[in-house]
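There are 2 protein chains.
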Amino acid sequence: MKVAKFGGSSVANAEQLRKVANIISDDKERKVIVVSAPGKRFSEDIKVTDLLINMGEAYLSDQPYEDKLEIVLNRFKEITTELELSTDVIDEIKLGVERIFASDQSDELKMDAIKATGEDSLAKVLSAYLQSIGMDAVYLNPKEAGIFVSDTPGSAQILDESYDKLYELRNRNEIVVIPGFFGYTKDGKLITFSRGGSDITGSIVAAGVKADLYENFTDVDSVYCVNPNIVKNPREITSLTYKEMRELSYAGFSVFHDEALIPAFKADIPVCIKNTNNPQAMGTIIVSKKEPQPNPVVGIASDTGFVSIYVSKYLMNRELGFGRKLLTILEDEGISFEHTPSGIDDISIIVRASKMPKEKEERVIARIKEELHPDTVHVDRDLALIMVVGEGMDSTIGLADKATHAFAKANVNLEMINQGSSEVSMMFGIKASRVEEAVRSLYDMFFCDK
Amino acid sequence: MKVAKFGGSSVANAEQLRKVANIISDDKERKVIVVSAPGKRFSEDIKVTDLLINMGEAYLSDQPYEDKLEIVLNRFKEITTELELSTDVIDEIKLGVERIFASDQSDELKMDAIKATGEDSLAKVLSAYLQSIGMDAVYLNPKEAGIFVSDTPGSAQILDESYDKLYELRNRNEIVVIPGFFGYTKDGKLITFSRGGSDITGSIVAAGVKADLYENFTDVDSVYCVNPNIVKNPREITSLTYKEMRELSYAGFSVFHDEALIPAFKADIPVCIKNTNNPQAMGTIIVSKKEPQPNPVVGIASDTGFVSIYVSKYLMNRELGFGRKLLTILEDEGISFEHTPSGIDDISIIVRASKMPKEKEERVIARIKEELHPDTVHVDRDLALIMVVGEGMDSTIGLADKATHAFAKANVNLEMINQGSSEVSMMFGIKASRVEEAVRSLYDMFFCDK
Chain U
1 MKVAKFGGSS VANAEQLRKV ANIISDDKER KVIVVSAPGK RFSEDIKVTD
51 LLINMGEAYL SDQPYEDKLE IVLNRFKEIT TELELSTDVI DEIKLGVERI
101 FASDQSDELK MDAIKATGED SLAKVLSAYL QSIGMDAVYL NPKEAGIFVS
151 DTPGSAQILD ESYDKLYELR NRNEIVVIPG FFGYTKDGKL ITFSRGGSDI
201 TGSIVAAGVK ADLYENFTDV DSVYCVNPNI VKNPREITSL TYKEMRELSY
251 AGFSVFHDEA LIPAFKADIP VCIKNTNNPQ AMGTIIVSKK EPQPNPVVGI
301 ASDTGFVSIY VSKYLMNREL GFGRKLLTIL EDEGISFEHT PSGIDDISII
351 VRASKMPKEK EERVIARIKE ELHPDTVHVD RDLALIMVVG EGMDSTIGLA
401 DKATHAFAKA NVNLEMINQG SSEVSMMFGI KASRVEEAVR SLYDMFFCDK
Chain V
1 MKVAKFGGSS VANAEQLRKV ANIISDDKER KVIVVSAPGK RFSEDIKVTD
51 LLINMGEAYL SDQPYEDKLE IVLNRFKEIT TELELSTDVI DEIKLGVERI
101 FASDQSDELK MDAIKATGED SLAKVLSAYL QSIGMDAVYL NPKEAGIFVS
151 DTPGSAQILD ESYDKLYELR NRNEIVVIPG FFGYTKDGKL ITFSRGGSDI
201 TGSIVAAGVK ADLYENFTDV DSVYCVNPNI VKNPREITSL TYKEMRELSY
251 AGFSVFHDEA LIPAFKADIP VCIKNTNNPQ AMGTIIVSKK EPQPNPVVGI
301 ASDTGFVSIY VSKYLMNREL GFGRKLLTIL EDEGISFEHT PSGIDDISII
351 VRASKMPKEK EERVIARIKE ELHPDTVHVD RDLALIMVVG EGMDSTIGLA
401 DKATHAFAKA NVNLEMINQG SSEVSMMFGI KASRVEEAVR SLYDMFFCDK
C-alpha cells in the first residue's frame, strides 16, 4: 500500500489535477491520497491558503471580507469548470466559511478552521473528479480518518492513538482522499499543524497505515547532489538516508519541512520524492539505512547568512564554566547557536544571521565583555557554511584530504573546519563571496569521473 | 638588562652551580638572577623541595623530623663543601627551619615557609659562591626586592605595586640573586606561589625591571618542533609567539608552567629558553609578535588521554538550550570540557580522561539520558589530539589540505577536525594507537624539504 501526498504546485489548477488523477490510476497501490491546498499557478500568483488567511484576518478585524471570499471561490470555480464538475462543492465552501464565521468559537479556532478550508476543499474537488472519471474514490475528513491532535491552534501535535485508528484505512477498498494540514481534538475542535503541514499529515498517515512507501509528489524530479543554481545539470541523488537528508537540508536543501518526516522516520517508512510533472522519473528515496555506496559523498549543501562571534581569553580553558556562560548569554537572547569550534584560549560561536539582528548583536557583545572579560571579541558577518554529506564519511580515510584539496584548488581559504561529531558530514566555513567557486570545486572532486 | 632564571636541574649540585656562575659572568647584562631549589641530581633522586615538604609534614603531625632535616642539610653541605664555601649557610638553614617550627603562625603558613626554604637557601649559597670567585653579587630576599603578594598560602597572587618597587633594582650595580617561588604579604607573611613558581617569580621580576630579555635556563637546548620521542633529532624552534606556545603546550609541550608567563606576556618581555648545559646554543625565544615565516607551521604537539562523549538527537539544533544544558551537567561534575565539535543533530564533548574517571562518567551519562532524552549517547575513551600550530595558519590557503593529506598518507582516519576558532592552530582527533605514525607523517609534510 502506498500513501501519495500532492503538494501545492501539484494541485494548483485543473491541468495539474489531471496529472494527479493519472498518477493515482497508474498504480493500484496508491490507495491513500493526501493533498495540500492549491498553490501558485505562476510565480507571482498567491497560494489559496494565503488568500484564506487574508480573508480571515479581514473578517476578524471587522473589515469587509466578501470580495476576498469571492477570489477564493473563483480559484475553485476555475478548477471545477474546467474539470466539468458540479458547482455543489463551491456552495459547500461558501457555506462552510460562513458557518465558521458565525460559530461561537474563539478567534484563534476560527482562524485555524479558515486556514484549513483550502486543503479541505481541494480534497473534495479531487475526489469528485476521480469519481467523475470512474474511479472508486471518496473524500475522507481527518476526523473520520482518525487524525487526533492536541488542543494547540496553529501547532497541532498528533496524539498516539491516531495511529491505530489510521491503520483501519487498510480495510477499505476505495481510494481515500484526505486533506492535509489539520486534525481534530478529541472534543471535535479543528486544529492545524504548523505551516507546511500537509507534509506532516502525509507522514502521519503513512506511519499509521504502515505504508510500504510514502510518495511525496512535488515539482522537482529528485533531490540533486548540489544546488542546480551553482552547478548546471548536477547528478541526481537516487537514495539518501534520513540523517543525510537532515544534514543537507541544514545548509540549503529544503525539499520539505524537516519535522514533517518524523512520524515516517520513527515508523521506518521509506519516503520517495517524485515529480508530478514527470512521474516516470525515479525520484529520490529517503530511507533509514542503506548499503555502503561506491561514492561515500551523497551531496554538497551550502548556505550563506551565518555569523561568527569570536571570543578569546588567555587561559580560557582553565575557567570552568566559561563556555557555558557564553552559551547562556546567547540563550537569554533567544539565539540558538549552530556550532562552537574552539581552540585553547578561544572559541567561535556560529549563529544564523537572521537570529541576531544588529541590536541583539550589540547587547550580546556588551554582555560578553561585561560578564566574561575576554581579551578580544569580534563578529564576522560574512560567513557561509558548506556541508559535504554522506554516510560513508566516518570510515573513509582520505575524504578530508580530498575535500580540503578541492578548496585549495579553488584558492579558497578555510575559515573553519568542523568534522567529527556528525558521522555523516564535514562542515566548512568560508567567506560568503567564495561559495560558488568552492562548491563547484567540491562537485568536481566528488562527482566527476577522472 | 637581562633577568636569568635557573631551574631545579640547573642548580642541583656544585657542578651545575659552576656552570651557572660561568653563564652569569659571560654576559654583563645578566644582572638579576632568580633561582629554584636544587632539583634531581639523577633520575631517581628526590628534589629538595619534596624533601622539605616531607619533613614539614612529619613535624606538623608530631612525628620525628630531625633526620629528614639532616638529609636536607646534607644536600646543601655537599654543595658548599665542593665549592669550598663556609658552612655558615648550613647553620642558617637549620636555624631558619627551627625558627619556623617554633613560631606561632598557622600550620599552613609554617608549611609555606618550610617549602620556600630550598629556594631561599640555594640563593644564599649561589651568591656566596659568586662572591667567592670575585663577582659583585648579593643575595636579595623577595621582601626587600618588592615581591608583594596576596594572603593566600600556597597560591600567592602578585600585587600590582610590586612592579614599581622591582623596577628600582635597575639602580643597583651588583648582581642580585633572588630566590624564586615565594613572596610576602604587606604585613610580612611568607606566601608561596603554586608549584613551579620559580618560573612565576622570574616572569614577575623580568616584567618589573622591564628587562630586555628574560632567560629561562633549563636542561634542553630549545623547544623542539615535535616530540623528540616520536621523531629523532627534530628541528629546533628558533622563535615562537606566546599564542603558539600556549597551543603547543596544550597538547604536550610543557617546558614550563603556563600561567608563569603571564606577567612577561603582559609586559611584552621576550622570553628565551636556554640550556644550562649548553649555553652557547641559541635556544628558543618566545615573543608576542613575530614576522611571517616561510614555514607557516611552527610545531606539532600531540597528547593521548582524551575522551569523547557523543550525543545525538533528531532535530537537536531546534532545541534552544540543549548545548548549554549538556555543558551544565559537565560543569556540575567539575569537568572542564576541551572542545565541542557539533553537527546538526549531534555534538561531541571532548574532555581529558583524567577529568572523568569511571564513576563520574557513569553519572554524567545517566544525567544526559535522563535530562536530555537523546537518541544516542556513547563514550569513546581512545582519543588523541594533535595540534598543528603556527601563526601563519589563518591566512595560508592549502594548509588544511597538506595536513589532511599527511594523515591520509599514514592511513590514519580522522575522527575529528576542529579548525577555525584559533587563528594559530588546527586540531585533529585520532585513535590514540595511531599517534606516532600520524605525527611522523605531519613532520615529514611540514618540516622536511622535498
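Chains U and V, in that order, are what the protein sequence lines are. Those letters in the first sequence? Residues 1 to 450, per the UniProt record's numbering, in order. Those letters in the second sequence? Residues 1 to 450, per the UniProt record's numbering, in order. Note that CB positions come from ideal geometry on N, CA and C, so glycine has one too. Source: prediction; values computed, not measured.
Measuring CA to CA, which of the options is closest to residue i?
{"i": "SER198 of chain V", "options": "V:PRO228, V:ASN216 and V:GLU331", "result": "V:ASN216"}
{"i": "SER10 of chain U", "options": "U:GLU29, U:LYS28 and U:GLY39", "result": "U:GLY39"}
{"i": "VAL287 of chain V", "options": "V:SER249, V:TYR242, V:LEU315 and V:GLU423", "result": "V:TYR242"}
{"i": "GLY96 of chain U", "options": "U:ILE349, U:ASN233, U:ASN418 and U:SER121", "result": "U:SER121"}
{"i": "ILE329 of chain V", "options": "V:LYS2, V:GLU359, V:THR152 and V:LEU372", "result": "V:LEU372"}
{"i": "ARG434 of chain V", "options": "V:HIS405, V:ALA384 and V:ILE417", "result": "V:ALA384"}
{"i": "LEU17 of chain V", "options": "V:MET1, V:ARG41 and V:ASP27", "result": "V:ARG41"}
{"i": "residue 464 of chain U", "options": "U:PRO234, U:SER222 and U:VAL311", "result": "Residue 464 of chain U lies beyond the stretch modelled for chain U, which goes from 1 to 450, so this question has no answer here."}
{"i": "MET427 of chain U", "options": "V:GLY305, V:SER342 and V:THR396", "result": "V:SER342"}
{"i": "GLY390 of chain V", "options": "V:ILE23, V:GLU423 and V:GLU415", "result": "V:GLU423"}
{"i": "ASP151 of chain V", "options": "V:TYR214, V:LEU109 and V:MET445", "result": "V:LEU109"}
{"i": "ALA137 of chain V", "options": "V:ARG172, V:TYR314 and V:THR81", "result": "V:ARG172"}
Do residue i and residue j have their C-beta atoms closer together than 7 angstroms?
{"i": "ILE347 of chain U", "j": "SER421 of chain V", "result": "yes"}
{"i": "VAL412 of chain V", "j": "ILE386 of chain V", "result": "no"}
{"i": "VAL3 of chain U", "j": "ALA211 of chain U", "result": "yes"}
{"i": "ILE79 of chain V", "j": "ALA14 of chain V", "result": "yes"}
{"i": "GLU436 of chain V", "j": "ALA410 of chain V", "result": "no"}
{"i": "VAL297 of chain U", "j": "GLU333 of chain U", "result": "no"}
{"i": "VAL176 of chain U", "j": "VAL125 of chain U", "result": "no"}
{"i": "PRO263 of chain V", "j": "ILE204 of chain V", "result": "yes"}
{"i": "ILE237 of chain V", "j": "VAL439 of chain V", "result": "no"}
{"i": "ALA123 of chain V", "j": "ALA207 of chain V", "result": "no"}
{"i": "ILE23 of chain V", "j": "PRO179 of chain V", "result": "no"}
{"i": "LEU414 of chain U", "j": "ALA400 of chain V", "result": "yes"}
{"i": "PHE181 of chain U", "j": "ALA116 of chain U", "result": "yes"}
Per DSSP, residue i is paired with what?
{"i": "LEU190 of chain V", "result": "V:TYR184"}
{"i": "ASP449 of chain U", "result": "None; ASP449 of chain U has no bridge partner."}
{"i": "ALA403 of chain U", "result": "DSSP, once it has assigned bridges, lists no residue as partnering ALA403 of chain U."}
{"i": "THR218 of chain V", "result": "V:ASN275"}
{"i": "LYS2 of chain U", "result": "U:ARG30 and U:LEU213"}
Less than 7 angstroms between CB atoms is the rule here; does residue i satisfy it with respect to chain V?
{"i": "HIS373 of chain U", "result": "no"}
{"i": "SER194 of chain U", "result": "no"}
{"i": "MET416 of chain U", "result": "yes"}
{"i": "SER433 of chain U", "result": "no"}
{"i": "SER336 of chain U", "result": "yes"}
{"i": "ASP345 of chain U", "result": "yes"}
{"i": "ALA267 of chain U", "result": "no"}
{"i": "GLU247 of chain U", "result": "yes"}
{"i": "residue 463 of chain U", "result": "One cannot answer for residue 463 of chain U here, as it falls past the ends of chain U, which runs 1 to 450."}
{"i": "HIS339 of chain U", "result": "yes"}
{"i": "ALA400 of chain U", "result": "yes"}
{"i": "SER421 of chain U", "result": "yes"}
{"i": "HIS405 of chain U", "result": "yes"}
{"i": "ILE349 of chain U", "result": "no"}
Would you please verify whether the beta carbon of residue i is less than 7 angstroms from any beta carbon of chain U?
{"i": "TYR250 of chain V", "result": "yes"}
{"i": "ARG18 of chain V", "result": "no"}
{"i": "ASN413 of chain V", "result": "yes"}
{"i": "GLU70 of chain V", "result": "no"}
{"i": "GLU331 of chain V", "result": "yes"}
{"i": "ILE397 of chain V", "result": "yes"}
{"i": "SER9 of chain V", "result": "no"}
{"i": "MET342 of chain V", "result": "One detail in the question is off: residue 342 of chain V reads as Ser in this sequence, not Met. By this cut-off, SER342 of chain V is an interface position."}
{"i": "GLY154 of chain V", "result": "no"}
{"i": "ARG324 of chain V", "result": "yes"}
{"i": "THR328 of chain V", "result": "yes"}
Can you give, in chain order, each stretch of the alpha helix (DSSP H) that sits fully within the stretch 279-342 of chain U and has at least 4 residues? 322-332
Of all the beta strand (DSSP E) runs that stay within the bounds of the stretch 115-199 of chain U, which reach a length of 3 or more residues? 137-139, 175-179, 182-184 and 190-192
Segments of 4+ residues assigned as alpha helix (DSSP H) that fall wholly inside the stretch 227-253 of chain U: DSSP runs (the alpha helix (DSSP H)) wholly in the stretch 227-253 of chain U: 242-250.
List in chain order: all unbroken alpha helix (DSSP H) runs of 4+ residues lying wholly within the stretch 61-124 of chain U. 66-82 and 88-102
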